[in-house]
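Enquirer: First, the structure itself, so that you have it in front of you.
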Amino acid sequence: MKNIFKSFLFAALTVSLGLSSCKGMLDITPVNSMKPETISDYESILLGGYPRVDYFLRTELMTDNAMVNLNTTLKLSTAEEPWFVFSSSHMLGEPIDPYWGQLYKTIFYANTVLDKFAGMTPDASEKKKYEQVKGEAYALRAYAYFYLVNMYADVYSPENLELPGVPMPLDAEDVNEFSKDNTREPIGKVWAQIVSDLKQAETLLQGKPGNDRFRFNATTVQLLSARVALFMGKYDEAIAYASEVMASARLSNMSSMQARIDEKGDKAAFSGNFGFIDTDYNSEVLFFTGGRANNNLFYYYQAAAKPTEELLELTKRNGDLVDYRQYIFDSFEDFSIQGAALVGKTVYNMFATQDRYWFYIGLKASEAHVIRAEAYARKQEYVKALDDINKLLVTRYKKGSFVALQESDYINKEDILKRVLDERRLETAFDGGLRFFDLRRLGKPEIKHVYKNSQEFVLKKNDPKYVLQIPMSEQNNSPGMPTNPR
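Residue numbers -21 to -1, 1 to 465, in mature numbering (1 follows the signal peptide of the UniProt record, and there is no 0), belong to the letters of the sequence shown in order.
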């Protein structure tokens, strides 16, 4: 690994994802003999670790947010279909899993920087940059492990801490294409490492500039920390971190979209070359990730994959055209006109297709609101939970139409948590694979999908397939590694 690293070019690497074990993850081919030496060189290496391709979206096909329009002539691709029908393996016999590969590639880049920086003493003039790059590396590694452990291992819970998690290399020396027999660290150990990395990142990034929404900064580390704390059931920590984010990250007032809607009409306001993200709403996004989202599998009007009508109905609970989020999911098709069925009732208008280039949403301000609201609700501090939801909803509803939610509105207080979770589902739909992760932590409910010839496919409650299978390439490389039950 050291010999490979000596000829490692920071600006141009040819990376093959063909090897998908943890230690055998990357086949790194040097394309230039330049040796990285400066902090700026290693910053460039780290930037190569930020994912620029999708590593989560197909998990949405396993959720209650996704359906297939059986009236369209288009079909799911052969790569997408196994996800939607809950196959035992989401890879349909393919040995390579691009999601696994991309996430371990990210970890390799972060580890490369952290390895080098461990033995580096920066000049005073470069100390801030050194700390910023090092902090980003910790954050990026934590982020990648958060995704891996939420895809390929069971949920975090006291009874699951000793169950197999994922391979967890913490230095670049571990990423060696000739290594075999990788091991899965326990779930508890992986989550502990995520927390440790985030604390390191928080310390290093505090007070550093962070205006680039494609890189981690102090605010996005706090938001990721709030997410992690919520998933771990550490509600006081989730509240504290979310509060820090809410103090600095603003929500967009969606009523500013009304002028465009009045001009273009309900159907044309968001379609073709102008998506919901092209409004002031994009100012809420704190971290973009995962490559170009414009051509995502849910976008096309006559595509097979669609948001569910259940998701659309959540935007109409107070009436039609009251909640601006309806414009993200409503096709506004006139079904008295021929061809409307090819589109169906729902679309995904977050992104448009042509000129404007957007990455997927990784972290955004509204997530802090629903994190804190859920944490308060689980602590039975219902007034505070509803206050956070009200602060969110007043920015989502048309002026003058929102009536604040009150604790007295709910005879059964558990319905307050349900309302909070409904708003979380709506706010984070198709963002960073969060719905799949939420379904796992919320009890792995039964999900039903209807597909070809109206055949029904069922993901049973607590189905083992809520945990993705270890890729075949990793199974071949590490035959002693336990696979996930089926």
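The C-beta atom is built at its ideal place from N, Cα and C for all residues, glycine as well. On a predicted model such as this, the values are computed, not experimentally measured, just so you know.
1. If you drop the 5 nearest sequence neighbours on each side, which residues of the same chain put their C-beta closer than 7 Å to that of K440?
2. Does any heavy atom of the ligand SAH sit closer than 8 Å to the C-beta of E216?
3. Let me confirm a value: N455 is counted as buried when at least 16 other C-beta atoms fall within 10 Å, else exposed. Which label applies?
4. Terminal residues of the continuous beta strand (DSSP E) containing E39?
5. Using a Cβ-Cβ cut-off of 6 Å (strictly less than) and excluding sequence neighbours within five positions of L276, which residues of its own chain qualify?
6. Could you tell me the distance, in whole angstroms, from the CA atom of M4 to the CA atom of G80?
7. Are the beta-carbon atoms belonging to V264 and R192 less than 9 Å from one another?
8. What are the residues that DSSP puts in a beta bridge with M46?
9. Comparing C-alpha positions only, which one of V382, E216 and H348 sits nearest to S227?
10. Any idea what DSSP makes of P188, helix, strand or coil?
11. Could you give the distance in angstroms between the alpha-carbon of L203 and the alpha-carbon of N252?
12. Does DSSP put I(-18) in a helix, a strand or coil?
13. Quick test of your reading: V362 and E393, contact by CB under 8 Å. State the CB separation rounded to the nearest angstrom.
14. With a 10 Å radius around its C-beta and 16 neighbouring C-beta atoms as the bar for buried, classify T8 as buried or exposed.
15. Spell out the partners DSSP gives T325 in its beta bridges.
16. Which whole runs of the beta strand (DSSP E) in the segment 354 to 432 are 3 residues long or more, in chain order?
17. Output the boundary residues of the alpha helix (DSSP H) element that contains G318.
18. By how many angstroms is the C-alpha of A116 removed from the C-alpha of S67?
19. If you check the beta carbons only, do I86 and A123 fall under 9 Å apart?
20. Quick check: the Cα distance between M70 and L447, rounded to an integer number of angstroms?
21. Is the segment 320 to 334 close to the segment 278 to 292, with three or more CB pairs under 8 Å?
22. Give me whichever residues DSSP pairs with E435 in a beta bridge.
23. Under 9 Å between the Cβ atoms of E141 and I173?
24. Is DSSP giving Y339 helix, strand or coil here?
25. Report the three-state DSSP secondary structure of R351 (helix, strand or coil).
26. Here's the rule: buried if 16 or more other CB atoms are within 10 angstroms of the residue's CB, otherwise exposed. What is D241?
27. Should the segment 365 to 379 be called in touch with the segment 302 to 315, which here means at least 3 C-beta pairs below 8 Å?
28. Note the first and the last residue of the continuous beta strand (DSSP E) segment covering R271.
29. Since I believe D76 is in contact with P450 (beta carbons under 8 Å), could you give me their beta-carbon distance rounded to a whole number of angstroms?
30. Taking Y327 as the reference, which of E289, D401, N369 and S250 has the closest Cα?
31. What's the call for N391, buried or exposed, on a 16-neighbour Cβ count within 10 Å?
Expert: Quick answer:
1. Position 461 of the sequence shown, counting from 1, holds the residue named residue 440. The residues are K423, P424 and E425.
2. No copy of the ligand SAH occurs in the structure displayed, which carries no ligand at all.
3. The sequence position of residue 455 within the sequence shown is 476, counting from 1. Result: exposed.
4. Working through the sequence shown from its first residue, we reach residue 39 at position 60. Element bounds for E39: n/a, residue is neither H nor E.
5. The residue given as residue 276 occupies position 297 in the sequence shown. Same-chain partners within the cutoff: A284.
6. Taking the first residue of the sequence shown as 1, we reach residue 4 at position 25. Taking the first residue of the sequence shown as 1, we reach residue 80 at position 101. With a pLDDT of 45 at M4, under the threshold of 50, the modelled position of this residue cannot be trusted; read the value that follows with caution. Rounded to whole angstroms, M4 to G80 spans 7 Å at the Cα level.
7. For the purposes of this step, residue 264 is taken as the residue at position 285 of the sequence shown. For the purposes of this step, residue 192 is taken as the residue at position 213 of the sequence shown. Going by C-beta atoms, V264 is nearer than 9 Å to R192.
8. On the sequence shown, residue 46 is found 67 positions in, with the first residue counted as 1. Answer is K285, bridged to M46.
9. Indexing the sequence shown from 1 puts residue 227 at position 248. S227 has its Cα closest to that of H348, out of V382, E216 and H348.
10. Here the question's residue 188 lines up with position 209 in the sequence shown. Three-state DSSP puts P188 in coil, outside helix and strand.
11. Counting from 1 along the sequence shown, the entry for residue 203 is found at position 224. Counting from 1 along the sequence shown, the entry for residue 252 is found at position 273. Rounded to whole angstroms, L203 to N252 spans 31 Å at the Cα level.
12. Position 4 of the sequence shown, counting from 1, holds the residue named residue -18. Confidence is the limiting factor: at I(-18) the pLDDT is only 27, short of 50, which leaves the residue's position unreliable, though a coordinate-based value still follows. Of the three classes helix, strand and coil, the one that applies to I(-18) here is helix, per DSSP.
13. Mapped onto the sequence shown, residue 362 falls at position 383. Mapped onto the sequence shown, residue 393 falls at position 414. No, V362 and E393 are not in contact; Cβ-Cβ is about 15 Å, not under 8 Å.
14. Residue mapping note: residue 8 aligns to position 29 of the sequence shown, counting from 1. Caution applies to T8, whose pLDDT of 33 falls short of 50 and renders its modelled position unreliable; the value that the coordinates give is listed next. With fewer than 16 other Cβ atoms within 10 Å, it is exposed.
15. Position 346 of the sequence shown, counted from the start, is the residue given in the question as residue 325. Looking at the DSSP assignment, T325 forms a beta bridge with D309.
16. 426 to 429
17. Against the sequence shown, residue 318 aligns to sequence position 339. That residue, G318, is in no alpha helix (DSSP H); it is neither H nor E in DSSP.
18. For the purposes of this step, residue 67 is taken as residue 88 along the sequence shown, with counting starting at 1. For the purposes of this step, residue 116 is taken as residue 137 along the sequence shown, with counting starting at 1. Cα-Cα distance, rounded: 34 Å.
19. Within the sequence shown, numbered from 1, the residue matching residue 86 stands at position 107. Within the sequence shown, numbered from 1, the residue matching residue 123 stands at position 144. Yes. Within cutoff.
20. Your numbering for residue 70 matches position 91 in the sequence shown. Your numbering for residue 447 matches position 468 in the sequence shown. For M70 and L447, the distance between alpha carbons rounds to 10 Å.
21. yes
22. Stepping through the sequence shown from its first residue, residue 435 is reached at position 456. BP columns for E435 point to V429.
23. Looking up residue 141 in the sequence shown gives position 162. Looking up residue 173 in the sequence shown gives position 194. Not closer than 9 Å, so no.
24. Taking the sequence shown and counting its residues from 1, one reaches residue 339 at position 360. Strand at Y339.
25. Against the sequence shown, residue 351 aligns to sequence position 372. Residue state, collapsed to three classes: helix.
26. In the sequence shown, counting from the first residue as 1, residue 241 sits at position 262. The residue is exposed, with fewer than 16 neighbouring Cβ atoms inside 10 Å.
27. yes
28. Residue mapping note: residue 271 aligns to position 292 of the sequence shown, counting from 1. It spans V264 to R271 - the beta strand (DSSP E) in which R271 sits, taken as one unbroken run.
29. For the purposes of this step, residue 450 is identified with residue 471 of the sequence shown, where counting begins at 1. For the purposes of this step, residue 76 is identified with residue 97 of the sequence shown, where counting begins at 1. P450 to D76, Cβ: 4 Å. Contact.
30. Numbered from its first residue, the sequence shown carries residue 327 at position 348. The option with the nearest alpha carbon to Y327 is S250.
31. Reading the sequence shown from its first residue, position 412 is the one you call residue 391. Classification for N391: exposed.
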